[in-house]
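**Student:** Residue numbers (the working numbering), protein chains in the order written: chain A, 35 to 247; chain B, 35 to 247.
Glycine included, each C-beta is placed from N, C-alpha and C at the ideal position.
A quick note: this is a predicted structure, and the numbers were derived from the prediction, not measured.
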DNA sequence: CCGCAAAGTGGACACTGTCAACACCGGAAG
DNA sequence: CTTCCGGTGTTGACAGTGTCCACTTTGCGG
């Protein structure tokens, strides 16, 4: 395939994306600069143009990588839940992925901001434009936050712990609440909210959406 | 005062901000470029440096202007509610400002994205850093979305339509839900959601938060 | 009437994304 | 084994940006 075999550098595309992720961690999307990542990879600028159409394309790849990190944290936190009661466990898992979302935003604001740059499409194959994709951003199933949230909600209705007639649109409600708080905290007017008030906000958002679903 | 008297241009600072708002409308924050706004004002670049410390400062002024527009729409929609029952009216007004928030984001995505650029401080005086400000972003009271939302929630508890013990943090819950949906729709993975699904999402978010508060 | 500070100008610098033309190098064809 | 050729990386250039500096203009107060 196109980029898997070794070439001059070893595996430049991977090195560029990894460098971009590094830069994004501290500087956000604005820090993933074409010439900077090229420099960091020990390669001259314009080399990146053999692997990415343009700066936006490179940024999209970095963004997808950040989105994967978010998804992985959510899955890990969900898997760490261990409760005897199935229903209680499912509820706890939903809560856990919500907290994971917010925690990720607070712990890695650069990655979080980068993840939502220009509707990141995952690093994989070209975006199939057929109407057959299963969720926003065309994330691979089970990978992206949207798919993870969907699966958790499905589990809740399967257990009868969530009325099926209220299921349509539930992802939007849960996702919006958690994403909105994260965005307001990381790059919005709620940035730098003192710790106590921050805890209040997190609990208010999570409990409100849990009650309202 | 510093910039109120007439000078060469007439009132350059105002012209620059207005031009920035124009550019932001179609191009978002990235379009409010120092040299471009200067050009549009019929003035050479560097002239802006007599009125703004740097590009970020100009962008903050433009962002504050956009935030005001959002607040004005919310107030207008709230004032348009006319119901005989006080409680029903208060509830309807809360719903109205939420819809106004989302509508603004959808109708003016450029302004919406610009409004939340670097924790906009309003155009007014320098940011007082004492701990005495009343809300995030130090918006003038009654002006910014946060203050408007707060007032509406206060009205609800005043009417006894909302348990006072659940009041702390309620702004965060409501604001996060509405802001999160707007952000996901405007520049997130939900961008370009088809109309029917969009309506589902809006209703799900608003009804869930209304139920959960 | 004069002078001085505020307001605006022109030029320069470093940096960015992007394009075009060139240099390399390794594997496939002969 | 030689030869070519396409993928890979390089050099150089251009337009555009934010910012600093020195300079000029302008209008008001003494």
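What residue from A:184, A:239, A:198 has the CA that sits closest to residue 203 of chain B's CA?
**Tutor:** Locating residue 203 of chain B in the second chain gives position 169, counting from the first residue. With distances taken between Cα atoms, residue 203 of chain B lies closest to A:239.
**Student:** Which bits of chain A does residue 150 of chain B rub up against, with CB to CB less than 9 Å?
**Tutor:** Taking the second chain and counting its residues from 1, the one referred to as residue 150 of chain B is at position 116. Under the 9 Å cutoff, chain A gives 217, 218, 221, 222, 223.
**Student:** For a cutoff of 8 Å on Cβ pairs, would you count residue 157 of chain B as touching chain A?
**Tutor:** Sequence index remark: in the second chain, residue 157 of chain B carries index 123 (1-based). The predicted model places residue 157 of chain B with a pLDDT of 42, which falls under 50 and marks its position as unreliable; any figure quoted below should be read in that light. Output row for residue 157 of chain B: interface = no.
**Student:** So, helix, strand or coil for residue 44 of chain B, using DSSP?
**Tutor:** Sequence index remark: in the second chain, residue 44 of chain B carries index 10 (1-based). In the structure shown, residue 44 of chain B sits in a strand (DSSP, three-state: E or B).
**Student:** Indicate whether at least one CB of chain B lies closer than 8 Å to the CB of residue 61 of chain A.
**Tutor:** Taking the first chain and counting its residues from 1, the one referred to as residue 61 of chain A is at position 27. By this cut-off, residue 61 of chain A is not an interface position.
**Student:** Using a Cβ cut-off of 9 Å, pull out every chain B residue sitting near residue 213 of chain A, in sequence order please.
**Tutor:** Here residue 213 of chain A corresponds to residue number 179 of the first chain, with the count starting at 1. Going along chain B in sequence order, the residues near residue 213 of chain A (Cβ under 9 Å) are 210, 213, 214, 215, 217, 218, 222.
**Student:** Which residues in the same chain as residue 231 of chain A place their Cβ atom closer than 6 Å to its Cβ, once the five residues preceding and following it in sequence are excluded?
**Tutor:** Working through the first chain from its first residue, we reach residue 231 of chain A at position 197. Counting only Cβ-Cβ distances below 6 Å, and skipping sequence neighbours, we find nothing.
**Student:** State the Cα-Cα distance for the pair residue 248 of chain B and residue 186 of chain B, rounded to the nearest angstrom.
**Tutor:** This structure does not reach residue 248 of chain B, given that chain B is present from 35 up to 247, and the question cannot be answered.
**Student:** Should residue 117 of chain B be labelled buried (16 or more other beta-carbon atoms within 10 Å of its own) or exposed?
**Tutor:** Numbered from its first residue, the second chain carries residue 117 of chain B at position 83. Exposed, by the Cβ-count rule.
**Student:** Please work out which residues of its chain come closer than 8 Å, Cβ to Cβ, to residue 133 of chain A, disregarding the five sequence neighbours upstream and downstream, and give them in chain order.
**Tutor:** The count along the first chain starts at 1 and reaches residue 133 of chain A at position 99. Correct list, in chain order: 111, 236, 240.
**Student:** For residue 227 of chain A, collect the residues of the same chain with a Cβ closer than 8 Å to its Cβ; drop the 5 residues on either side in sequence, then sort them by chain order.
**Tutor:** Counting from 1 along the first chain, the entry for residue 227 of chain A is found at position 193. Same-chain partners within the cutoff: 219, 235.
**Student:** Determine the DSSP secondary structure at residue 57 of chain A, reduced to helix, strand or coil.
**Tutor:** On the first chain, position 23 is the one that residue 57 of chain A refers to. Three-state result, residue 57 of chain A: helix.
**Student:** Between the region 60-79 of chain A and the region 134-153 of chain A, do three or more beta carbon pairs fall short of 8 Å?
**Tutor:** Flag = yes, the region 60-79 of chain A and the region 134-153 of chain A touch.
**Student:** In three-state terms, what does DSSP make of residue 210 of chain B?
**Tutor:** The residue given as residue 210 of chain B occupies position 176 in the second chain. Note: residue 210 of chain B maps to helix in three-state DSSP.
**Student:** So residue 180 of chain A packs on residue 215 of chain B, CB below 8 Å; how close in whole Å?
**Tutor:** As a first step, residue 180 of chain A must be located in the first chain, where it is residue number 146. As a first step, residue 215 of chain B must be located in the second chain, where it is residue number 181. With a Cβ gap of about 13 Å, residue 180 of chain A and residue 215 of chain B do not count as contacting.
**Student:** How about residue 107 of chain B: is its C-beta nearer than 8 Å to some C-beta of chain A?
**Tutor:** Mapped onto the second chain, residue 107 of chain B falls at position 73. False, the Cβ-Cβ gap to chain A never drops below 8 Å.
**Student:** Does residue 124 of chain A have its Cβ less than 8 Å from a Cβ in chain B?
**Tutor:** Numbered from its first residue, the first chain carries residue 124 of chain A at position 90. It does not: the Cβ of residue 124 of chain A has no partner Cβ on chain B nearer than 8 Å.
**Student:** In the region 74-132 of chain B, which residue ranges form an unbroken alpha helix (DSSP H) of at least 4 residues, counting only runs that do not cross its ends?
**Tutor:** Here the runs fully enclosed are 89-114.
**Student:** At a CB-CB cut-off below 8 Å, which residues of chain B make contact with residue 237 of chain A?
**Tutor:** If you number the first chain from 1, residue 237 of chain A lands on position 203. The answer, in chain order, is 203.
**Student:** Label residue 127 of chain A either buried or exposed according to how many other C-beta atoms from any shown protein chain fall within 10 Å of its C-beta, with 16 as the threshold for buried.
**Tutor:** Taking the first residue of the first chain as position 1, residue 127 of chain A is located at position 93. Counting Cβ neighbours within 10 Å, residue 127 of chain A comes out buried, since at least 16 surround it.
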